[in-house]
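If you're matching positions, the sequence shown starts at 27 in our numbering and goes up one per residue.
Notes for the one structure printed next.
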Amino acid sequence: MIDIQKIRNQFPVLKQQVYGKPLVYLDSAASTQKNIDVLLAERQVTLDFYGNIHRAAHFMADKTTQVFEASRDLTAQFIHAGSREEIIFTKGTTESVNLAAFSFGEAFIREGDEIIVSEMEHHSNIVPWQMTAQRKGARIVRWDFNEKGELELPELKRLINSRTRLIAVCHVSNVLGTINPVKEIAGLAHASGVTVFVDGAQAVQHIAVDVQELDADFYAFSSHKMYGPNGVGVLYGKRELLDAIPPYQGGGEMISEVSFSGTTYNELPYKFEAGTPHITGVAGFGAALAFLSKTRFADIEKHEKMLLEMATEELSKIGGVTIYGTSPRKSGVISFNMKGIHPYDAGMLLDKMGIAVRTGHHCADPVMEHFGIPGTVRASFAIYNTPEEVDRFIAAMKKIKEILAV
Ligand code: PLP
Numbered sequence: 027m028i029d030i031q032k033i034r035n036q037f038p039v040l041k042q043q044v045y046g047k048p049l050v051y052l053d054s055a056a057s058t059q060k061n062i063d064v065l066l067a068e069r070q071v072t073l074d075f076y077g078n079i080h081r082a083a084h085f086m087a088d089k090t091t092q093v094f095e096a097s098r099d100l101t102a103q104f105i106h107a108g109s110r111e112e113i114i115f116t117k118g119t120t121e122s123v124n125l126a127a128f129s130f131g132e133a134f135i136r137e138g139d140e141i142i143v144s145e146m147e148h149h150s151n152i153v154p155w156q157m158t159a160q161r162k163g164a165r166i167v168r169w170d171f172n173e174k175g176e177l178e179l180p181e182l183k184r185l186i187n188s189r190t191r192l193i194a195v196c197h198v199s200n201v202l203g204t205i206n207p208v209k210e211i212a213g214l215a216h217a218s219g220v221t222v223f224v225d226g227a228q229a230v231q232h233i234a235v236d237v238q239e240l241d242a243d244f245y246a247f248s249s250h251k252m253y254g255p256n257g258v259g260v261l262y263g264k265r266e267l268l269d270a271i272p273p274y275q276g277g278g279e280m281i282s283e284v285s286f287s288g289t290t291y292n293e294l295p296y297k298f299e300a301g302t303p304h305i306t307g308v309a310g311f312g313a314a315l316a317f318l319s320k321t322r323f324a325d326i327e328k329h330e331k332m333l334l335e336m337a338t339e340e341l342s343k344i345g346g347v348t349i350y351g352t353s354p355r356k357s358g359v360i361s362f363n364m365k366g367i368h369p370y371d372a373g374m375l376l377d378k379m380g381i382a383v384r385t386g387h388h389c390a391d392p393v394m395e396h397f398g399i400p401g402t403v404r405a406s407f408a409i410y411n412t413p414e415e416v417d418r419f420i421a422a423m424k425k426i427k428e429i430l431a432v
């Protein structure tokens, strides 16, 4: 069982009043709030022993390096990677996708090849693959979802052919909330020698992830969606794949030796970590992982599912509400519209009632196009949300209907 009050106490920002009303924060899919330990970890590195990592032979740099590399170990444990060398620190999911798309593209994508991208992807798991396809003369193939917001495996089977090189798919959709069957997708792909890139930005904070069990070739996520600092992300890649692809950026740290007659690259994971990274952020990310690891994922899932089911049921009772994404395998995201009410208007009124949600296309234009809508209201739940907050959200939506519905 989760002790929500104890958890909320670790997020002082949640005690805030907004426009004189207690804050209800339902925008964690965009960015979660930060755990107090995260700030303390960043503060400790900043105030007690800051130095640039790996390079300098002095006490401060050594201590900072230890903290930085300890976060790498924690990350490898958290997603059950085969080794710490398979964990690359980046700025976030977006940079992780760009890294994979560029480097994999350089090594393995040729003219006439195909990259399958699901229709429910965030722009950051579409555009980098389009850029690679453009550079290499390859083609993007769209994998549509059904009316429940589910990707169907027979359709994937139909799309894979001898030209397919990679499938880009999210583990959990940031709009529909659908939890995709990554293991089965990887099984199908690997049977045809196709590589699988998984965008885990909306998964790692909600469900237990074991990249080896899933057999994902790449897996990307962002710290700021998992109670950690912004500006830090991860790209996991299978070692043999990371060894086989060239670096994404050149600079300090990623080299072994540099001379004007030629340069050799560093070993994993440093080959992909050019320049000074977000050192304090990575330290804070370690604290976020430690926080998440204190609660069993089964309990996190149970709690967030309870909030999702409650919100879904109560919203549906209001009348005139369309929910986008109705798969039974769903994470704590609910995207919807109310008849006659523009999502921006609903979002603005919710805000005035102290309730923070997201409105718009959620960086997933193809999903909006699928439903023929300009945007949705999106409420997203996290470990610190309560049933009372769902009640306040529902009451607010009823009020908005009274005020605005035509
Ligand atoms: N992928 C998904 C599914 C997301 O929800 C997001 C952010 O909302 C991203 C990728 C991009 O993450 P970031 O902005 O941290 O790079």
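Every residue, glycine too, gets a C-beta built ideally from N, C-alpha and C.
Exercise for the section: Can you say whether residue 107 is buried or exposed, counting buried as having 16 or more other CB atoms within 10 angstroms of its CB? Expected result: Counting from 1 along the sequence shown, the entry for residue 107 is found at position 81. By the 10 Å Cβ count, residue 107 comes out buried.
Exercise for the section: Quickly, what does DSSP pair residue 43 with across the bridge? List them, please. Expected result: Position 17 of the sequence shown, counted from the first residue, corresponds to residue 43. Secondary-structure assignment with DSSP links residue 43 through a beta bridge to 48.
Exercise for the section: Please name the residue, chosen from 319, 388, 396, that lies closest to residue 409 on a Cα-to-Cα basis. Expected result: Within the sequence shown, the letter at position 383 stands for residue 409. Among 319, 388, 396, the Cα nearest to that of residue 409 is on 319.
Exercise for the section: Measure the CB-CB distance between residue 203 and residue 427 and report whether it falls below 7 Å. Expected result: Taking the first residue of the sequence shown as 1, we reach residue 203 at position 177. Taking the first residue of the sequence shown as 1, we reach residue 427 at position 401. It is not a contact, given that the beta carbons lie outside the stated cut-off.
Exercise for the section: State whether the region 155–167 contacts the region 397–416, with contact taken as three or more CB pairs (one from each stretch) at a distance under 8 Å. Expected result: Verdict: no, contact absent.
Problem - Between the CA atoms of residue 201 and residue 361 - distance to the nearest angstrom - result: Position 335 of the sequence shown, counted from the start, is the residue given in the question as residue 361. Position 175 of the sequence shown, counted from the start, is the residue given in the question as residue 201. Whole-angstrom Cα-Cα distance: 6 Å.
Practice task
Let me know the secondary structure DSSP gives residue 140 once reduced to three states.
Solution key: Here the question's residue 140 lines up with position 114 in the sequence shown. Reduced to three states, the DSSP call for residue 140 is strand.
Practice task
Counting only the same chain and skipping the five closest in sequence on each side, list residues whose C-beta sits under 6 Å from that of residue 268.
Solution key: Counting from 1 along the sequence shown, the entry for residue 268 is found at position 242. Exclusion of the five residues before and after residue 268 leaves 294 as the residues of its chain whose Cβ lies within less than 6 Å of its Cβ.
Exercise for the section: Please determine if the region 45–59 and the region 366–386 are in contact, where contact requires at least 3 C-beta pairs separated by less than 8 Å. Expected result: Yes: at least three Cβ pairs fall under 8 Å.
Problem - Candidates 144, 154, 166, 187: closest to residue 175 by CA position - result: Residue 175 sits at position 149 when you count from the first residue of the sequence shown. Comparing alpha carbon positions, the residue from 144, 154, 166, 187 closest to residue 175 is 144.
Exercise for the section: Kindly examine the ligand PLP and report whether one of its heavy atoms sits closer than 6 Å to the Cβ of residue 148. Expected result: On the sequence shown, residue 148 is found 122 positions in, with the first residue counted as 1. For residue 148, the distance from the CB to the nearest heavy atom of the ligand PLP is below 6 Å.
Problem - Where the alpha helix (DSSP H) through residue 214 begins and ends - result: Within the sequence shown, the letter at position 188 stands for residue 214. Judged by DSSP secondary structure, residue 214 falls within the alpha helix (DSSP H) whose first and last residues are 208–217.
Practice task
Taking only heavy atoms of the ligand PLP into account, decide whether any of them is closer than 6 Å to the Cβ of residue 227.
Solution key: Along the sequence shown, read from residue 1 onward, the residue named residue 227 stands at position 201. Yes, the Cβ of residue 227 comes within 6 Å of a heavy atom of the ligand PLP.
Practice task
Below 8 Å CB to CB, which residues in the same chain sit around residue 266 once its five sequence neighbours on both sides are set aside?
Solution key: The residue labelled residue 266 in the question sits at position 240 within the sequence shown. The answer is none, since no qualifying residue turns up.
Practice task
Report the three-state DSSP secondary structure of residue 102 (helix, strand or coil).
Solution key: Position 76 of the sequence shown holds residue 102. Looking at residue 102 - three-state DSSP - the assignment turns out to be helix.
Problem - Per-residue burial, residue 370 [other beta carbons within 10 Å of its own, 16 or more giving buried] - result: As a first step, residue 370 must be located in the sequence shown, where it is residue number 344. Around the beta carbon of residue 370, a 10 Å sphere encloses fewer than 16 other beta carbons of the protein chains shown; the residue is thus reported as exposed.
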